[in-house]
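Novice:
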Amino acid sequence: MSLVANSIKEIISIKIKSRNDSVTDQYQRIFMTKICIVFAALIGVNYFNDKVSCIVANTNGMSDSFVGTTCWIQGFYVFEEMINRFEDCGYYGIPKNMEHDGINSLGHLCAVNDRALGKIFGCYPMKKKYYDQYQYMPFFIASLAILFYLPYVIFKITNSDLMSLKDTLNNKEVKAEDIVSAYFNVKTNSVRKMKLRVIMSVCIKFLYLFANVVAFILCDVLLNGDFRKYGLNYVRWIRSHSFIGLTSNGLKSQTEPKPGYVLLPAMGFCEIHEASRDNRNSYVNSHRFICEISPHLLYQYVMLVFWFLLVFGIGISIAGVVVAMFGYLINFICLLSKDSPAKKIYRIVTFREIDYLECIRRKNLPLYSDVLYSLKEKRVKKTKYSERKFEHFAFVKSDRE
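At position 171 of the sequence shown (counting the first as 1) the number is 162 in our numbering, and the numbers step up by one without a gap.
#1: Take every Cβ of the segment 31 to 43, pair it with every Cβ of the segment 127 to 134, and state whether three or more of those distances are shorter than 8 Å.
#2: Could you have a look at L242 and say whether DSSP puts it in helix, strand or coil?
#3: Determine whether the Cβ of G66 lies closer than 7 Å to any Cβ atom of chain D.
#4: Can you tell me whether F297 is buried or exposed? The criterion is at least 16 other CB atoms within 10 Å of its CB, across all chains shown.
#5: Buried or exposed: which applies to D169, given that a residue is buried once 16 or more other Cβ atoms fall within 10 Å of its Cβ?
#6: DSSP three-state call for M154: helix, strand or coil?
#7: Measuring straight from C-alpha to C-alpha, what distance separates K178 and P357?
#8: Just curious, the alpha helix (DSSP H) that A136 is in, first and last residue?
#9: Among the residues of its own chain, which have a CB less than 8 Å from the CB of M154, if the five just before and after it don't count?
#10: Whose CA, out of L108, L214 and I26, lies closest to the CA of S134?
#11: Put A48 into one of helix, strand or coil per three-state DSSP.
#12: Keeping to the same chain, check which residues put their C-beta closer than 8 Å to that of L138; ignore five residues upstream and five downstream.
#13: Could you tell me how far apart the beta carbons of Y68 and Y252 are, in whole angstroms, since I believe they sit closer than 8 Å?
#14: Considering only the beta carbon of each residue, do R343 and M185 sit closer than 7 Å?
#15: Evaluate K196 with the Cβ neighbour count: other Cβ atoms within 10 Å of its Cβ, from every protein chain shown; 16 or more gives buried, anything less gives exposed.
#16: For the beta strand (DSSP E) that F22 lies in, which residues bound it at each end?
#17: Apart from the five residues just before and just after I94, which ones in its own chain have a Cβ nearer than 8 Å to its Cβ?
#18: When we look at the beta-carbon of V182 and count the other beta-carbons within 10 Å, is it buried (16 or more) or exposed?
#19: Grouping DSSP H, G and I as helix and E and B as strand, with all else coil, what is L200?
#20: How many angstroms separate the CA atom of F175 from the CA atom of Y290?
#21: Alpha carbon to alpha carbon, what distance is there between K354 and D152?
#22: Would you say V362 and I351 are within 7 Å of each other, going by their C-beta atoms?
#23: For M258, which option in F57, R230, C282 and V47 has the closest C-alpha, if you only look at C-alpha atoms?
#24: F401 to L209, Cα distance in whole Å?
#25: Taking the Cβ atom as the reference point for each residue, do P256 and Y225 lie within a distance shorter than 7 Å?
#26: What is the DSSP secondary structure of E349, counted as helix, strand or coil?
#27: Can you give the Cα-Cα distance for V36 and P286, rounded to whole angstroms?
#28: For the pair the segment 55 to 62 and the segment 294 to 314, tell me if three or more CB-CB distances fall below 8 Å.
#29: Determine the contact status of Y140 and T24, defining contact as a CB-CB distance below 7 Å.
#30: Between the beta-carbon of V103 and the beta-carbon of I284, is there less than 7 Å?
#31: By Cβ distance, which residues of its chain are closer than 6 Å to E262, with the 5 residues on each side in sequence left out?
#32: Note down, in chain order, each residue of its chain lying with its Cβ closer than 6 Å to the Cβ of D217, except the 5 sequence neighbours on either side.
#33: Please report the straight-line C-alpha distance between K380 and L348, rounded to a whole angstrom.
#34: Identify every run of the alpha helix (DSSP H) within the segment 229 to 309, keeping only runs that are complete inside it and at least 4 residues long; order them along the chain.
#35: Would K166 be called buried (16 or more neighbouring beta carbons within 10 Å of its own) or exposed?
#36: Span of the alpha helix (DSSP H) holding I170?
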């Protein structure tokens, strides 16, 4: 276990350093990716170590290990009609009398078949709700890490120009003319290409939002639609039952089931059909066992934490979209203003080139001044913007002449 704990510690450790993407993006592609791997590792250890145990009578001739293994493969179920019939439940969704697998027109529990396997008139079978998520849950959670990291791959492709510019700015001997010729060249960087990069930058924010929503929907689908309000139900259940103890069957005061059992019950029915045949005899029988699914207990709390992280991730993703769009909106509003001569330079460049200028300004203010002056010389007509007006820049190049 110490080896597992150390491995998890190494996985979740995050280095504090300057990164190319925003904080909202880093939450998704770093934190959520690591969380998926950690959760997959946690339930993966449980996946290989925990065993399913069933109540097996000594008279049926089947070993405990055979029943447990077969039931693990077969899956488990509870009756949906028993979910809110607490007085008749031995465990969540399981009747106290195992023969009761149906319900009549009066709402009373009954047996669908008699001992001779004949149908009992007026007794209708209850609907079975199956659970076999434990068979693939570690692999499913691990695969979600790809979903959260994929937008960053697209980000690196889309923003390769900005990352290249940042690397160039790390060179203290770089000149403004070199930057202008490399990054502000309209021949190599067409307006259409620049627009596409800006659009993709915003789309990446939506991709992170899409990743969270898709992960949430997939979890809800795989968990029979009970994941959607799982966190809210758990908080409400804790608040309303904080002073009431659990009874022996896992039900709170026989009034409301624990949301964890609704999501993944710890006890369930398992049916095994037994058959054999030789030259002289044939034998057919059907067995129903009550089994405990111990992996579900860990999954309940893992999925509870995952629910809150996904909801928070959706909120963070929406904030990332708003900030990105608001940033471009601010740039557009500023371009409409004619107060500052500096904005006249911004008005003749694309939004992507504004990103370049802002990156240069944050990294190297004197170089930013030189780049603006070089852009003025190449793109601004002197008849339109006089030298005197341009000298109003606070950051104007000192050794221009």
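Heads up, the beta-carbon is just placed ideally off N, CA and C, and yes, glycines get one too.
Specialist: In brief:
#1: yes
#2: Because the pLDDT at L242 is just 49, under 50, the model does not fix this residue reliably, and the value given afterwards should be weighed accordingly. In this structure, L242 counts as strand in the three-state DSSP scheme.
#3: Within the model displayed, chain D is absent; a lone protein chain is all it includes.
#4: buried
#5: exposed
#6: helix
#7: 26 Å
#8: M128 to T149
#9: N11 and K147
#10: I26
#11: coil
#12: A202, V205 and A206
#13: 14 Å between Cβ atoms; not a contact.
#14: yes
#15: buried
#16: F22 -> no beta strand (DSSP E), and no H or E assigned at all.
#17: E72, L100, C101, C114, Y115 and M117
#18: exposed
#19: helix
#20: 53 Å
#21: 16 Å
#22: yes
#23: C282
#24: Within the shown structure, residues of the chain are numbered from -8 to 392, placing residue 401 beyond reach of any answer.
#25: no
#26: helix
#27: 10 Å
#28: no
#29: yes
#30: no
#31: R279
#32: V253 and L254
#33: Because the pLDDT at K380 is just 43, under 50, the model does not fix this residue reliably, and the point stays unresolved.
#34: 250 to 254
#35: exposed
#36: A167 to Y174
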